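There are 2 protein chains.
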Amino acid sequence: MARAATTSDAFNAVAEPRRREILELLAFGERSVGDLVLKLGLEQPSVSKHLGVLRRVGLVRARRHGRRILYKANPEGIRPLHAWTKTFERLWEHQLLRVKERAEEKPRQVERE
Amino acid sequence: MARAATTSDAFNAVAEPRRREILELLAFGERSVGDLVLKLGLEQPSVSKHLGVLRRVGLVRARRHGRRILYKANPEGIRPLHAWTKTFERLWEHQLLRVKERAEEKPRQVERE
DNA sequence: TTGACATATTCCTATGTAGGAATATATAGT
DNA sequence: ACTATATATTCCTACATAGGAATATGTCAA
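Next comes the structure, spelled out in structure tokens:
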């Protein structure tokens, strides 16, 4: 089998760098598709397709305004990612502490293997 | 072109659910490959390949111990993901506040379009 | 060195998908 | 109704890759 579908969840959706760029732009507020096209330098269909993926996994919301369609980030969709990564927070804090400890103590003990 | 390579960065690496499972298991401490195989119910080559991806992007560290090879999570590798998602934290906090406000005030104003 | 155990790697194939080109849909203005 | 504008969708193709099977590599013990 191939990789899981991007439409399946937010993790896959943000694995694509362009989609992260889009989310970063939409974090400042609403933007039309054409606006994003200008900012990103991508083809309009590409942007629309990326927005489609982001919308399907709930990372952005869209509303029509005249001829334009305005997109905005739905930060709630990013929360699960944040929560998952946060479970490792205590680990890297612990890791940093160990590094600091080693730097302060004398190098008596040699790492085995 | 196709999707970006999983070996390219941590975002792609954790997009795969199995790899997230592996990281969650390795968060508790070192584990051998065979141990992970038992816990995950996957084929040994699959686990080895996932570990290879995680190792290449710096999400896990490995050391040989006799015949076994022990893997552990390298939480530092997850920090960039956490940092990226955290930039949206103020947004969902703001969003939650707005939801709360709306729930408390009388529904006088109608959302346009 | 031979054999058993533990892990990695190679080869193969099916599949999801990003991007490009062309086209379809929708809206506003005249 | 017609036209221009804005966005979405469809079709196509190249390609990365997940998993399976088979094999290779590495390590210990006798």
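Protein sequences, first through last, are from chains A and B. Start counting the first sequence at 302; every next residue gets the next number (the numbering used here). Start counting the second sequence at 302; every next residue gets the next number (the numbering used here). Yeah, the Cβ is synthetic: ideal placement off N, Cα and C, and Gly gets one too. This structure is a prediction, so every number in the text was calculated from the model and none was measured.
Cross-chain neighbours of residue i in chain B, by beta carbon under 7 Å
i, result
"Val-354 of chain A", "Near Val-354 of chain A there are no residues of chain B at all, since even the closest Cβ is about 12 Å away, more than 7 Å."
"Val-315 of chain A", "Phe-312"
"Pro-376 of chain A", "Phe-389, Leu-392, Trp-393, Gln-396"
"Leu-339 of chain A", "Those do not exist, as Leu-339 of chain A stays about 22 Å from chain B at its closest Cβ, beyond 7 Å."
Nearest candidate by alpha-carbon position, reference residue i, set the options
i, options, result
"Gly-353 of chain B", "B:Leu-371, B:Gly-342, B:Leu-339, B:Gly-367", "B:Leu-371"
"Gly-367 of chain B", "B:Val-334, B:Trp-385, B:Lys-340, B:Lys-350", "B:Val-334"
"Pro-376 of chain A", "B:Arg-399, B:Ala-363, B:Val-338, B:Val-358", "B:Arg-399"
"Phe-329 of chain B", "B:Leu-339, B:Glu-405, B:Lys-373, B:Arg-320", "B:Lys-373"
"Arg-369 of chain B", "B:Ala-314, B:Leu-337, B:Ala-311", "B:Leu-337"
"Leu-355 of chain B", "B:Lys-401, B:Glu-402, B:Ala-311, B:Glu-406", "B:Ala-311"
"Leu-324 of chain B", "A:Leu-392, A:Pro-381, A:Lys-401, A:Ser-347", "A:Leu-392"
"Leu-341 of chain B", "B:His-395, B:Val-358, B:Gly-359, B:Arg-321", "B:Arg-321"
"Glu-344 of chain B", "B:His-395, B:Arg-319, B:Thr-386", "B:Arg-319"
"Ala-314 of chain B", "B:Pro-346, B:Pro-381, B:Glu-394", "B:Pro-381"
"Ser-309 of chain B", "B:Thr-388, B:Val-358, B:Thr-386", "B:Val-358"
Residues sharing a beta bridge with residue i, DSSP
i, result
"Leu-371 of chain A", "A:Ser-333, A:Arg-364"
Secondary structure of residue i, DSSP reduced to three states
i, result
"Thr-388 of chain B", "coil"
"Ser-349 of chain A", "helix"
"His-395 of chain A", "helix"
"Val-338 of chain A", "helix"
"Leu-324 of chain B", "helix"
"Gly-378 of chain A", "helix"
"Val-358 of chain A", "coil"
"Glu-412 of chain A", "For Glu-412 of chain A, the predicted structure reports a pLDDT of 47, less than 50, and the residue's modelled location is therefore unreliable. A value from the coordinates is still provided. Here Glu-412 of chain A sits in coil by DSSP."
"Val-315 of chain A", "coil"
"Glu-406 of chain B", "coil"
Buried/exposed call for residue i, threshold 16 Cβ in 10 Å
i, result
"His-351 of chain B", "buried"
"Ala-316 of chain B", "buried"
"Arg-332 of chain A", "buried"
"Gly-378 of chain A", "buried"
"Ala-404 of chain A", "exposed"
"His-383 of chain B", "buried"
"Leu-397 of chain A", "exposed"
"Arg-365 of chain B", "exposed"
"Leu-327 of chain B", "buried"
"Leu-360 of chain B", "buried"
Closer than 9 Å at the beta carbon, the chain A residues around residue i
i, result
"Leu-398 of chain B", "Going along chain A, no residue has its Cβ under 9 Å from Leu-398 of chain B, so there is no contact; the nearest lies around 12 Å."
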